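Protein chains in written order, with our numbering: chain F, 19 to 429; chain E, 245 to 389. Here a beta-carbon is modelled for each residue, glycine too, at the ideal position from N, C-alpha and C. Because the structure is a prediction, the values reported are computed rather than measured. Only one structure is covered here, and it is reproduced in the block below.
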Amino acid sequence: MNKSLEDNFSTIPALEELPSSPSAPRRMTLNMGPQHPSTHGVLRIVLELEGETIRSAAPDIGFLHTGIEKQCEALTYAKALTLTDRVDYLSNLANNLVYCLTVEKLLQIEIPERAQWLRVMMTELSRLNSHLVWLGTHALDIGAMSIFFYCFREREEILRILEMFSGQRMMTSYIRIGGVALEAPRGWEKAVGKFIRGFPSKVDEYENLLDSNPIWGIRTKGVGYISLEDMLDLGVTGPMLRGAGLALDCRKTEPYSSYEKFNFNVATQTGNDVYSRYRVRLQEMRESAKIITQALEGMPSGPYQADAPHVVLPDREKMKTQMEALIYHFKIVTEGFRVPAGEVYQCIESPRGEIGYYIVSDGTSKPYRVYMRTPSFANLMALPVMLKDTLIADSIASLGSMDFVLGDTDR
Amino acid sequence: MSHPAILETKEAFGEITHIADPAQIVDLCRYFKDQEKFIRLSGLTAVDWYPMEPRFEVVYHLHSIERNARIRIKCKVHGEKPEIDSVYSVWRSADWHEREVFDLFGIKFRNHPNMVRILMPIDWDGHPLRKDYPVHGYKYSYPNE
Numbered sequence: 019m020n021k022s023l024e025d026n027f028s029t030i031p032a033l034e035e036l037p038s039s040p041s042a043p044r045r046m047t048l049n050m051g052p053q054h055p056s057t058h059g060v061l062r063i064v065l066e067l068e069g070e071t072i073r074s075a076a077p078d079i080g081f082l083h084t085g086i087e088k089q090c091e092a093l094t095y096a097k098a099l100t101l102t103d104r105v106d107y108l109s110n111l112a113n114n115l116v117y118c119l120t121v122e123k124l125l126q127i128e129i130p131e132r133a134q135w136l137r138v139m140m141t142e143l144s145r146l147n148s149h150l151v152w153l154g155t156h157a158l159d160i161g162a163m164s165i166f167f168y169c170f171r172e173r174e175e176i177l178r179i180l181e182m183f184s185g186q187r188m189m190t191s192y193i194r195i196g197g198v199a200l201e202a203p204r205g206w207e208k209a210v211g212k213f214i215r216g217f218p219s220k221v222d223e224y225e226n227l228l229d230s231n232p233i234w235g236i237r238t239k240g241v242g243y244i245s246l247e248d249m250l251d252l253g254v255t256g257p258m259l260r261g262a263g264l265a266l267d268c269r270k271t272e273p274y275s276s277y278e279k280f281n282f283n284v285a286t287q288t289g290n291d292v293y294s295r296y297r298v299r300l301q302e303m304r305e306s307a308k309i310i311t312q313a314l315e316g317m318p319s320g321p322y323q324a325d326a327p328h329v330v331l332p333d334r335e336k337m338k339t340q341m342e343a344l345i346y347h348f349k350i351v352t353e354g355f356r357v358p359a360g361e362v363y364q365c366i367e368s369p370r371g372e373i374g375y376y377i378v379s380d381g382t383s384k385p386y387r388v389y390m391r392t393p394s395f396a397n398l399m400a401l402p403v404m405l406k407d408t409l410i411a412d413s414i415a416s417l418g419s420m421d422f423v424l425g426d427t428d429r
Numbered sequence: 245m246s247h248p249a250i251l252e253t254k255e256a257f258g259e260i261t262h263i264a265d266p267a268q269i270v271d272l273c274r275y276f277k278d279q280e281k282f283i284r285l286s287g288l289t290a291v292d293w294y295p296m297e298p299r300f301e302v303v304y305h306l307h308s309i310e311r312n313a314r315i316r317i318k319c320k321v322h323g324e325k326p327e328i329d330s331v332y333s334v335w336r337s338a339d340w341h342e343r344e345v346f347d348l349f350g351i352k353f354r355n356h357p358n359m360v361r362i363l364m365p366i367d368w369d370g371h372p373l374r375k376d377y378p379v380h381g382y383k384y385s386y387p388n389e
């Protein structure tokens, strides 16, 4: 925290500007990425090495920048929702949810309880999905291969459930402004129940597989340390912070979408290394399973969409038989609905940390500005501090423990 | 919460917004961080109100874990020579956020250690999130669009 500006200078040295041999005789610059398999996306890191020790690391991002914030400004509120799926493609329902919550805050519409509970259940399923992909690929990077297949076996079941609900496996756009897209399909209780009853034992299985492996312990314990003060100063959130003992979770501190009605704990560890982040995520999977079970057992009945005909698309049957519903449908699809002028910031807890959307409306049917405060972008800022003076062989474990998605970083 | 740099305070949708004097932004941020315990800079962005002047609004989202509160600070920046002081000395997390605003809006942050583009290619022409920048970019947009 008290380091001088120079220490944290995160410039990317161009190859020709590297220090010449007299000033730094034994330094080598290594270009890691942008196609390195363990960067999980397109991330380039310029490492300056002294032997096997990393003296400085400079992440270079932007390879996946697709201008989603700009595109949102050109679409109506309802259409821009589909772009939020593409931001973080592993926890797309969290992005849907935060976008809808922000717009609903501006519109000031009341969401029925059933829709809120469905939202909670689906977001938690998507959290499981994200953590499973993380666990599988992270262990694969470190050298434990079989866990990958187990994780993807469970992930497949989650994707089937998502498909059952929305018709899509990944880009579901299931959560819509005013509620959810569709009523839960016939037999959903059975499908979700079957999965969630078996899931906690699967988590125990992963834990056994990894913790009984001495190599896993050696490669993760005490690796990837970064002090809590540094993390707070650098804007890190999510399992990274909780792995350092700070129980900061938006679901508890600023409850949204009726999370206050669910009984769960915030998983924390104090090790502040790759291993404790792994423990935090394992515990979070168990807590998510608890939340999904509660949602399954106590799912309220009632409408799945808000009573706001000017915002929510009418029922297909009504649209074909009632003039008024047809007019509303036509208006929503062609010109969209107007959102009162104002500005709103809403944040939720995504699998990676705090994800916040700041939407400015100028009273028209298109958002004037959509700012996405994405956890991957903010977390990645801590990478140079974390990698400094560590061994290059540990860099993969440290990188993986941050669990960033490059689509989320670059938007 | 009163500081000479705060020109106006508004509350809407349960969120507090302070409009501040851009010349004293570093002072104000330091005050909020040290005195009011807003130890996290949650996000930093800008809004372009083209063709209005002052054209830009730089928006800071602050978060206090201790008080479980969030506030927003906004500074108006003129479009002719958009510049504002960097708050990198207060929160290191401002680093990339300010580079992003520079990249996408063209607002320069004085005293930032490394004011270069972050998301767009280094030789990119223009600042995409400005309102006078076409959605498809200059190169690929059609004259009738």
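Problem set entry | Cβ pair count under 8 angstroms reaching 3, the segment 259-277 of chain F against the segment 95-108 of chain F | no
Exercise. Alpha carbon to alpha carbon, what distance is there between E:C273 and E:V303?
Worked result: 12 angstroms
Problem set entry | Which residues DSSP lists as bridging F:M337, in chain order | Bridge partners of F:M337: none, in fact.
Exercise. At a Cβ threshold of 7 angstroms, is F:K406 touching chain E?
Worked result: no
Exercise. At which residue ranges does the segment 256-295 of chain E contain complete alpha helix (DSSP H) runs of 4 or more residues, listed in the order of the chain?
Worked result: 269-278
Exercise. Going by the beta-carbon positions, is the gap between F:I275 and F:Q126 smaller than 7 angstroms?
Worked result: Before going on, a small fix: residue 275 of chain F reads as Ser here, not Ile. Taking 7 angstroms as the Cβ cut-off, F:S275 and F:Q126 do not qualify as a contacting pair.
For this session: Could you name the residues that DSSP lists as bridge partners for F:I193?
Result: F:V198
Exercise. Are the segment 372-382 of chain F and the segment 405-419 of chain F touching, with three or more C-beta to C-beta distances below 8 angstroms?
Worked result: no
For this session: Kindly say whether E:T253, judged by its beta-carbon, lies nearer than 7 angstroms to any beta-carbon of chain F.
Result: no
Problem set entry | Simplified DSSP assignment, three categories, for E:I328 | strand
Problem set entry | DSSP three-state assignment for F:F280, whether helix, strand or coil | coil
For this session: With a cut-off of 8 angstroms on the beta carbons, I'd call F:T238 and F:V292 a contact; round off their distance for me.
Result: 4 angstroms
Exercise. Any contact of the segment 116-132 of chain F with the segment 324-331 of chain F, i.e. 3+ C-beta pairs under 8 angstroms?
Worked result: yes
Exercise. Can you tell me where the alpha helix (DSSP H) with F:K308 in it begins and where it stops?
Worked result: 292-316
For this session: Please check if any C-beta of chain F sits within less than 7 angstroms of the C-beta of E:A313.
Result: no
Exercise. Does the beta carbon of F:Y375 come closer than 7 angstroms to any beta carbon on chain E?
Worked result: no
For this session: Could you round the C-beta distance between F:T286 and F:R260 to whole angstroms and report it? I think they count as a contact, below 8 angstroms.
Result: 5 angstroms
Exercise. Taking Cβ to Cβ, would you say F:L250 is nearer than 7 angstroms to E:I283?
Worked result: yes
For this session: Using alpha carbons as the reference points, say which of F:T288, F:F167, F:N290, F:G242 lies closest to F:P402.
Result: F:G242
Exercise. When you check each C-beta in the segment 287-306 of chain E against every C-beta of chain F, which residues fall closer than 8 angstroms?
Worked result: G287, T289, V291, D292, V303, H305
Problem set entry | Residue nearest to E:G287 in terms of C-alpha spacing, selected from F:L177, F:Y389, F:N231, F:P385 | F:Y389
Exercise. Would you call the segment 350-358 of chain F and the segment 89-98 of chain F touching, i.e. three or more CB-CB distances under 8 angstroms?
Worked result: yes
For this session: Measure the alpha-carbon distance for F:A199 versus F:G185 and round it to whole angstroms.
Result: 11 angstroms
Exercise. Out of curiosity, what's the CA-to-CA distance linking E:Y294 and E:H356?
Worked result: 25 angstroms
Exercise. Cα-Cα, which of F:E361, F:F422, F:L111 is closest to F:T155?
Worked result: F:F422
For this session: Whole angstroms is fine: what's the gap from E:A264's alpha carbon to F:Q301's?
Result: 43 angstroms
Exercise. Looking only at DSSP bridge pairs, what is F:L48 linked to?
Worked result: F:L65
Exercise. Just the Cα atoms here: how many angstroms apart are F:P393 and F:M341?
Worked result: 45 angstroms
Exercise. According to a CB-to-CB cut-off of less than 8 angstroms, which residues of the segment 71-99 of chain F neighbour chain E?
Worked result: I79, G80, H83, G85, E87, K88, Q89, E91, A92
Exercise. Alpha carbon to alpha carbon, what distance is there between F:L314 and F:E225?
Worked result: 25 angstroms
Exercise. DSSP puts F:T71 in a beta bridge; with which residues?
Worked result: F:E68, F:L409
Problem set entry | Span separating the alpha-carbon of F:P232 from that of F:F183 | 41 angstroms
For this session: Check whether the Cβ of F:P273 sits closer than 6 angstroms to any heavy atom of the ligand NAP, and report yes or no.
Result: Ligands displayed in this structure: none; no statement on the ligand NAP is therefore possible.
Exercise. What's the C-alpha gap between F:P369 and E:E310?
Worked result: 23 angstroms
For this session: Check each residue of the segment 237-262 of chain F: if its Cβ is closer than 7 angstroms to any Cβ of chain E, include it; give the result in chain order.
Result: L250, D251, L252, G253
For this session: Could you tell me whether any Cβ in chain E is nearer than 7 angstroms to the Cβ of F:Y107?
Result: no
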